[in-house]
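Engineer:
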Amino acid sequence: MPFTISHAVLAPPLAKLTGYRLPISALAIGSMTPDLYRLFTSETYNITHQWQGLIFPNLLIGSGFCLLWYSLYRPVIFRWIGITKPLDCDSFDKMTGFILSVIMALIVGISSHLIWDGLTHSDFRTFAFDHFLNRPVSLFNHIYPMHRVLQIGTSILALPFMLWMGIHYYLKYRQLKPISSKIKNSALCIVLISLLTAAYYYLQFLQSLGSTLGSVDLYSFIGRSVNQFASAFLIVFSLGCVLFLILDRNHRLDK
């Protein structure tokens with residue numbers, strides 16, 4: 556799937572099916588985990604998209620991103636947008652239960668990714684409907700295999716649902732207290748610098764393709780483009796979040 560984030564659309568319904576015993580954030584991270592290694596390398600590791608890779612390396616990768624989310628991104632982003640939803644981990648028993656629920660959520664999320672890819676790809680991931688997935692489809696005077704249409708189509712269709720769920724979550728947990736101008740300005744600067752840096756590296760990526768750009772496979776191009784942009788963005792964004800936490804120690808930016 557070219558838009559890895561689209562896999563996270565399954566996190567809320569999966570959380571509801573488990574009676575919200577599994578954290579939505581961990582489910583979302585797990586659902587994206589098999590693709591996340593591409594943020595660090597252009598090499599292809601098929602093991603992340605096979606069931607034997609469920610625990611290693613997928614669970615290990617997912618745990619790393621969960622650590623990043625809960626210790627860095629979550630507290631920073633929630634401060635920026637004024638969401639108040641503390642984690643219920645104020646005792647050893649609660650912390651242990653939370654860690655176990657995160658691990659279980661990662662396994663469920665990773666499994667959902669493998670199943671989704673198995674139904675929309677025609678390669679080593681396929682486990683059903685192989686003939687249907689290879690059926691030719693005519694779109695805009697071009698012929699495409701069904702699996703390619705499903706991969707790109709389901710990615711795009713999931714994005715509006717992702718936006719709606721994000722807005723719904725914000726409206727549910729936002730605080731009434733106004734956000735200070737210092738926090739707003741810090742957030743704007745960090746996001747803007749991250750976007751500009753990512754855009755620069757993406758342009759470098761396009762230039763590296765040169766004259767071969769017109770012959771590059773569309774699916775591969777979209778996937779690589781997203782990964783090139785996202786990897787540069789996350790590096791700068793992460794550094795910005797660390798700096799923000801230092802400056803906002805003891806909520807100093809509220810003053």
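If you're matching positions, the sequence shown starts at 556 in the numbering used here and goes up one per residue. Idealized CB from N, CA, C, for every residue including glycine. Predicted model only: the values in this text are computed from it and were never measured.
1) Residues bridged to His668 by DSSP?
2) Taking the alpha-carbon of Tyr728 as reference, which of Leu594, Thr639 and Met650 has the nearest alpha-carbon?
3) Please classify Val781 as buried or exposed, where buried requires at least 16 other C-beta atoms within 10 Å of its C-beta.
4) Just to confirm my understanding: we take Leu565, look at its own chain, exclude 5 residues before and 5 after, and list those with CB closer than 7 Å. What are they?
5) Check Arg634 in the structure and name its three-state DSSP category.
6) Between the region 781-790 and the region 748-755, do at least 3 Cβ pairs fall closer than 8 Å?
7) Looking at the unbroken alpha helix (DSSP H) that takes in Tyr699, where does it start and where does it end?
8) In this structure, how does DSSP classify Val692 when only helix, strand and coil are distinguished?
9) Excluding the 5 residues flanking Leu747 on each side, which residues of the same chain have their C-beta closer than 6 Å to its C-beta?
10) Which residues in the same chain as Val797 place their Cβ atom closer than 6 Å to its Cβ, once the five residues preceding and following it in sequence are excluded?
11) Give the straight-line distance between the Cα atoms of Asn613 and Leu794, rounded to the nearest whole angstrom.
Structural biologist: Working from what's here:
1) As a first step, residue 668 is located in the sequence shown; it is residue number 113 there, counting from the start. Beta-bridge pairing links His668 to no other residue.
2) Counting from 1 along the sequence shown, the entry for residue 728 is found at position 173. If we check each option's Cα against that of Tyr728, Thr639 comes out closest.
3) On the sequence shown, residue 781 is found 226 positions in, with the first residue counted as 1. With 16 or more other Cβ atoms within 10 Å, it is buried.
4) Locating residue 565 in the sequence shown gives position 10, where the first residue counts as 1. Excluding residues within five positions, the ones whose Cβ falls inside 7 Å are Ser586 and Ser667.
5) In the sequence shown, residue 634 corresponds to position 79, counting from 1. DSSP places Arg634 in helix when its eight states are reduced to three.
6) Yes: at least three Cβ pairs fall under 8 Å.
7) Start at 1 with the first residue of the sequence shown, and residue 699 comes out as number 144. Counting along the chain, Tyr699 falls outside any alpha helix (DSSP H), though it belongs to the beta strand (DSSP E) covering His697 to Pro700.
8) Translated into positions along the sequence shown, residue 692 becomes position 137. Three-state DSSP puts Val692 in a strand.
9) Here the question's residue 747 lines up with position 192 in the sequence shown. Taken in chain order, the list of residues that qualify is empty.
10) In the sequence shown, counting from the first residue as 1, residue 797 sits at position 242. For Val797, where only same-chain residues beyond five positions count, there are no Cβ hits under 6 Å.
11) In the sequence shown, counting from the first residue as 1, residue 613 sits at position 58. In the sequence shown, counting from the first residue as 1, residue 794 sits at position 239. If you take the alpha carbons of Asn613 and Leu794, they lie about 25 Å apart.
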